[in-house]
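Each residue of the sequence shown is one higher than the one before, starting from 1 at the first, in the numbering used here.
Even glycine gets a Cβ: it sits at the ideal position worked out from N, Cα and C.
This report concerns only the one structure given below.
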Amino acid sequence: MTEYEHPYHIEVTAESFYLADQSDPDEAHYVFAYRITLRNVGSVSAQLVSRHWIITDGNGDVQEVRGLGVVGEHPDLAPGESFEYTSGSALTTPVGSMRGTYQMVAADGERFEAEIPEFALLVPNVLH
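Listed below in structure tokens is the structure:
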């Protein structure tokens with residue numbers, strides 16, 4: 001069985017953006033937005049119940065964030081359905097990364113995790 005034939009599979013993609021107008025490099029304050037898309041590529045409906053983020057800044061300092069839902073919602077995704085949301089994070093360095101997991105509950109009661117692949121938070125032109 002391939003991963004896409006698995007009944008419990010949520011595909012997660014991420015895209016990040018630097019928010020220069022909300023950042024203050026002189027104060028080591030860099031603000032990023034990120035857009036997440038979750039797509040149920042499994043065969044069973046599933047609801048997102050919580051999240052666990054691991055945020056690493058350019059110094060290697062790690063912050064973990066746990067919470068219920070995303071942006072105040074607990075999306076329920078039928079097979080083939082997608083959910084997209086935008087949120088943000090602030091760092092004290094111009095580079096960093098985020099990764100994590102979403103905790104899901106399938107319609108049949110099975111609990112599983114959807115991996116959030118690591119993505120970069122980068123101020124444009126900071127890396128040459």
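Counting C-beta neighbours from all protein chains within 10 Å, is the total for aspartate 108 16 or more, i.e. buried, or is it exposed?
The residue in question, aspartate 108, is exposed, as its Cβ has fewer than 16 Cβ neighbours within 10 Å.
From the DSSP output, in three-state form, read off proline 79 for me.
Three-state DSSP puts proline 79 in coil, outside helix and strand.
Looking at the structure shown, is aspartate 108 part of a helix, part of a strand, or coil, going by DSSP?
Aspartate 108 falls in the coil class under three-state DSSP.
Glutamine 47 to arginine 66 span [Cα, whole Å]
One C-alpha to the other measures close to 17 Å.
Tell me where the beta strand (DSSP E) around proline 64 begins and ends.
The identity of residue 64 in the sequence shown is glutamate, whereas the question assumes proline. Following the DSSP letters along the chain, one finds glutamate 64 inside the beta strand (DSSP E) bounded by residues 62-68.
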